[in-house]
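Going down the list, the protein sequences come from chains P and H. Okay, so the first sequence: first residue is 2 according to my numbering, each after it adds one. Okay, so the second sequence: first residue is 2 according to my numbering, each after it adds one. Glycine residues also receive a C-beta, built at the ideal position from the N, C-alpha and C atoms. First the structure, in the form of structure tokens, and then the observations on it.
Protein chains: 2
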Amino acid sequence: MKAAIIGGGVIGGGWAARFLLNGWDVAVFDLDPEAERKIAAVLDNARASLPQLYERSLPAEGALSFAGSVAEAVTGADWVQESVPERLDLKHGVLADIQAHSGDAIIGSSTSGFTPSQLQEGAADPSRIMVAHPFNPVYLLPLIELVPSPKTAGAAVMRAKTMLQSVGLYPLEVRAEIDAHIADRLLEAVWREALWLIKDDIATTQEIDDAIRYGFGLRWAQMGLFETYRIAGGEAGMRHFIAQFGPCLSWPWTKLMDVPELTDALAQKIADQSDAQSGHLSIRELERLRDGNLVAMLRALKARGAGAGALIRDHEDGQPLARPSSGGMIQTVDRVVPTDWADYNGHMNESRYGQVFSDAADVVLASIGADEDYVAAGFSFFTVDIHIQFKQETKVGQHIRVDSQVLEGQGKKLRLFHRMMDADGTILATGVQFLVHVSLTTRRSCAPDGDVAVRLEALAQAHASLSNPAL
Amino acid sequence: MKAAIIGGGVIGGGWAARFLLNGWDVAVFDLDPEAERKIAAVLDNARASLPQLYERSLPAEGALSFAGSVAEAVTGADWVQESVPERLDLKHGVLADIQAHSGDAIIGSSTSGFTPSQLQEGAADPSRIMVAHPFNPVYLLPLIELVPSPKTAGAAVMRAKTMLQSVGLYPLEVRAEIDAHIADRLLEAVWREALWLIKDDIATTQEIDDAIRYGFGLRWAQMGLFETYRIAGGEAGMRHFIAQFGPCLSWPWTKLMDVPELTDALAQKIADQSDAQSGHLSIRELERLRDGNLVAMLRALKARGAGAGALIRDHEDGQPLARPSSGGMIQTVDRVVPTDWADYNGHMNESRYGQVFSDAADVVLASIGADEDYVAAGFSFFTVDIHIQFKQETKVGQHIRVDSQVLEGQGKKLRLFHRMMDADGTILATGVQFLVHVSLTTRRSCAPDGDVAVRLEALAQAHASLSNPAL
């Protein structure tokens with residue numbers, strides 16, 4: 002698959018990174034002589050963060066190229082993303098150029114200010130044009146507001162959704178064309194109110210940020226506005242909440258009936274307060290902090306299957322699980338070490354070696370039919386004993402693989418050998434793990450189910466011919 | 002310390018739980034005959050979630066009592082929290098009753114609708130009255146908007162801050178009295194805009210929630226509004242961002258100049274959409290989901306020392322570390338098993354046993370001076386080998402302790418024995434861990450620093466007299 006990115010700023014660069022790290026080839030066109038450097042910076046951030054969201058490898062990174070013209074960039078593309086500055090005449094010109102050379106590619110616009118109908122004015126073929134409005138950083142946040150107009154073809158919208166989902170994005174189809182779509186209307190409301198708070202010296206940028214990140218920001222990251230308020234209504238539910246909270250709307254709380262004038266003095270005040278708050282960190286440092294926080298929170302939600310974490314799980318399910326290894330063993334792990342596995346020495350916490358081997362055992366078990374359904378049916382293998390030998394340090398972001406071998410698989414006993422390696426095959430650690438089959442009802446050991454027992458014995462016999470790893 | 006909670010709904014119950022789980026005694030007064038049941042439900046949720054935020058035990062839970070009058074509840078209290086319904090005449094009556102019997106307690110009000118000056122009208126002693134506005138769930142979210150009036154004593158504000166911090170809350174002093182303080186002004190702006198989106202059939206409650214939790218909600222949970230936009234400004238910074246984004250404010254994006262009439266039809270529409278979104282779950286189930294998500298995200302931020310996670314770290318630093326155990330060993334771990342340690346069998350993931358022993362080793366190392374400063378100076382102990390025997394399953398929320406013993410401590414070699422037990426002393430697992438002292442500069446083994454070596458040998462000798470654990 003190929004994506005063409007027209008306009009290579011922070012947003013265009015984020016789109017490029019999202020496609021590349023999901024195995025697409027990407028061609029970028031931007032007149033800015035700095036575009037290549039800027040995209041490289043975004044891509045560095047994306048490479049350092051996005052793969053950490055997954056417990057499996059993403060596809061091999063696609064090829065990045067810089068085109069000399071729109072025509073060159075869009076030729077052969079499946080998706081064309083327009084992210085040029087927010088001027089309608091400029092966008093019309095670029096869209097005409099794209100349509101002249103892009104076959105039947107989907108044409109998405111990153112605009113927050115224009116409706117698809119406005120973008121389609123004078124277009125040769127409006128049916129493939131739609132708004133695909135992303136959120137920064139595009140390589141980590143899944144939301145895309147996908148806004149068609151009545152002239153956009155339904156089939157094109159369907160195709161667009163499939164492609165966006167395939168790179169881990171969440172297309173939220175906006176069913177009506179309105180200025181600023183959905184999220185930016187909410188954002189703008191908050192931004193205006195925040196400007197009043199600063200202008201009136203009620204709060205500084207730091208205080209407003211603290212009021213958000215120590216309170217409702219945490220609620221919204223996992224459930225949003227309405228589900229949170231549904232809970233606030235308590236047992237009496239949403240109608241009760243509205244009855245309680247509704248009347249407050251007629252109180253003169255907000256200043257939003259009015260727009261504060263964005264004078265030079267107010268702009269400078271905000272910039273000064275922001276400098277006092279975050280000026281000791283460079284933008285690059287802030288980006289790394291933000292991305293690390295987002296990865297850690299997204300992984301926390303993923304582990305629970307909640308919020309955006311559920312989307313990451315779905316995307317991961319589409320990636321291949323481990324497969325037979327060349328040496329006759331099973332390749333049971335193939336992944337990147339995520340940030341939440343680091344210890345204070347700056348390398349992978351020693352306990353995570355055990356987790357990697359535990360994950361490897363799960364893959365062996367799944368391969369003999371002892372999977373989640375088997376557990377749901379009341380049986381499982383429990384680890385009784387593990388012996389881990391640590392050979393080398395392992396760092397966050399490092400690519401690791403595990404090959405696993407059955408040393409003993411007979412009746413209720415299972416003994417596994419795991420070898421963890423880096424991308425070059427250097428051994429990082431080994432583990433010998435002894436598991437016993439148990440009934441989850443009696444919590445006692447017992448012989449496995451017939452099918453599982455047969456498959457286990459077959460696997461043990463196949464692995465018996467492998468050389469016995471030196472321990 | 003003692004807190005009095007006047008008004009025991011969801012908010013009052015959350016305050017009660019926050020104080021109780023931090024070791025305070027709490028007396029509740031509420032006329033609602035259901036108050037005891039409601040507070041018990043909030044407390045159940047709090048007990049299931051708050052202790053999981055910490056890697057150390059919180060103080061033993063305080064005593065909860067229900068008082069027959071305001072006078073009985075507030076007698077001897079250090080903090081009195083008023084959370085009665087938002088009617089000024091009602092609050093004035095309750096505050097007068099509180100002041101008549103509460104000595105020099107701090108009097109906080111959970112109001113979002115009134116200013117402290119309004120609350121203080123006619124008060125016998127306005128100096129101790131202030132707004133202390135919390136966010137639901139109060140037992141997990143750290144933000145408290147602390148709003149004094151000119152009549153509130155500066156010393157009382159200082160005292161209030163110290164007490165709030167001691168129970169893990171973050172008092173954000175609001176420097177000006179305005180309606181709705183800071184956060185609720187932002188929330189109300191979003192709420193109004195969201196009502197328009199629903200009234201105009203642009204989006205449903207589910208779509209608005211998705212637009213938040215898959216996008217900007219995640220950004221706000223860790224950095225808030227302005228630090229996020231500072232990054233969006235890129236290398237050119239905050240002034241550049243304002244120059245870019247500022248002009249949009251004069252566009253007619255929002256409907257906020259007007260308040261939508263909250264008709265019965267609109268209220269029913271919201272309730273119906275909310276039912277379609279979340280009606281398959283009870284409020285209790287939604288609360289557990291929300292709390293689990295908050296715990297997981299807060300722990301992710303805590304591991305990075307970011308956002309609200311930094312506050313939890315600070316609070317944890319005030320709790321005692323492990324101490325000598327009765328058997329002559331060192332009690333190295335004393336904590337609750339957090340949600341992110343669960344595996345799909347519903348008990349503690351086997352790799353976390355390794356983490357518990359790794360944490361235990363850190364405490365032993367800190368006790369001989371091989372602490373974070375020592376690592377910063379370029380030396381550390383690396384685990385070379387660990388042998389774990391799993392005796393019993395361990396569940397999320399379970400209280401665990403580890404006793405550790407030095408089996409060998411000589412030169413660059415350190416061999417530890419760990420015994421992990423539940424609250425009753427039942428052994429859950431044992432570990433024998435072999436560590437080697439290394440230079441972080443050469444990445445090779447070497448003898449420890451003089452002081453560390455001396456302390457290690459002394460500890461090894463002290464432990465040599467202990468019985469050798471059967472392995």
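By the beta-carbon neighbour count (other beta carbons within 10 angstroms, threshold 16), P/LYS303 is buried.
Its chain contains VAL338, TRP342, ALA343, GLU394, THR395, LYS396, VAL397 and GLN399 as the residues whose beta carbon lies nearer than 8 Å to that of H/MET349, once the 5 sequence neighbours on both sides are disregarded; these appear in chain order. DSSP, reduced to helix, strand and coil, places H/ALA307 outside both helices and strands of the structure shown, so it counts as coil. In summary, P/VAL455 is exposed, with fewer than 16 beta-carbon neighbours lying within 10 Å of its beta-carbon over all protein chains present. In the structure shown, P/ARG300 adopts helical secondary structure according to DSSP, grouped into three states. If only complete runs of 4 or more residues are kept, the stretch 171 to 219 of chain H shows the alpha helix (DSSP H) at 184 to 200 and 206 to 212, in order along the chain.
DSSP places P/PHE242 within a helical segment (H, G or I) once states are collapsed to three. Considering only beta carbons, no part of the stretch 47 to 64 of chain H lies closer than 8 Å to chain P. DSSP, read as helix, strand or coil, puts H/GLU56 in coil. Scanning chain P for C-beta atoms nearer than 7 Å to the C-beta of H/ASN23 yields nothing, as the closest lies near 17 Å away. Looking at the DSSP output, P/LEU144 sits in a beta bridge with P/TYR171. Listed as beta-bridge partners of P/GLY109 by DSSP are P/GLN82 and P/MET131. Nearest Cα to P/ILE428 within the set P/LYS414, P/ALA448, P/GLN406 and P/ARG402: P/ARG402.
At a C-beta separation below 8 Å, P/TYR171 has these neighbours in chain H: ASP211 and TYR215.
Taking a 10 Å sphere around the C-beta of P/ALA378, we find fewer than 16 other C-beta atoms and assign the residue as exposed. Where P/LYS3 is concerned, the enclosing beta strand (DSSP E) starts and stops at 3 to 7.
Interface residue (Cβ-Cβ distance to chain H less than 8 Å): P/TRP221 is classified as such. Neighbours of P/PRO449 in chain H, taken as residues whose beta carbon is under 8 Å from its own, are absent, since the nearest beta carbon is some 16 Å off.
8 Å or more divides the Cβ of H/ASP202 from the Cβ of P/ALA362.
Excluding five sequence positions before and after P/ILE145, the CB atoms of its chain that fall closer than 6 Å to its own CB belong to ALA133, PRO135, LEU165, LEU170 and PRO172, given in chain order. The residue among P/ALA463, P/ALA17 and P/SER466 with its C-alpha nearest the C-alpha of P/SER111 is P/ALA17.
Annotated three-state conformation of P/PHE435 is strand, per DSSP. DSSP lists P/LEU436 as the beta-bridge partner residues of P/THR384. Beta-bridge partners of H/VAL407 (DSSP): H/LEU417.
Secondary structure in the stretch 311 to 385 of chain H: the alpha helix (DSSP H) runs of 4 residues or longer, each lying completely within the stretch, are 351 to 368 and 373 to 377 in chain order. Beta-carbon to beta-carbon, H/LEU366 and H/ASP372 are separated by about 7 Å, close enough to satisfy the 8 Å threshold.
Apart from sequence neighbours up to five positions away, the residues of its chain that approach H/TRP221 with a beta-carbon distance below 8 Å are THR229, ordered along the chain.
In the DSSP annotation of this structure, the continuous segment of the beta strand (DSSP E) that includes H/ALA28 starts and ends at 26 to 30.
Following the DSSP letters along the chain, one finds H/LEU65 in no alpha helix (DSSP H) but inside the beta strand (DSSP E) bounded by residues 65 to 67. When the five nearest sequence neighbours on each side are left out, the beta carbons in the same chain lying within less than 8 Å of the beta carbon of P/MET298 are those of ALA222, in order along the chain.
At a Cβ-Cβ threshold of 8 Å, P/ALA181 and P/SER113 count as neighbours. Leaving aside the five residues that flank H/GLN121 on each side, the residues in its chain whose CB is nearer than 7 Å to its CB run, in chain order, PRO127, ILE130, SER150 and LYS152. Not flagged as an interface residue toward chain P: H/LEU120, since no C-beta distance is shorter than 8 Å. At a cut-off of 8 Å between beta carbons, H/ILE389 contacts chain P. The CB of P/GLU317 never comes closer than 9 Å to any CB in chain H; the least such distance is about 15 Å. Cβ neighbours of P/GLU317 within its own chain (closer than 7 Å, five residues either side excluded): TYR55, GLU56 and ARG57.
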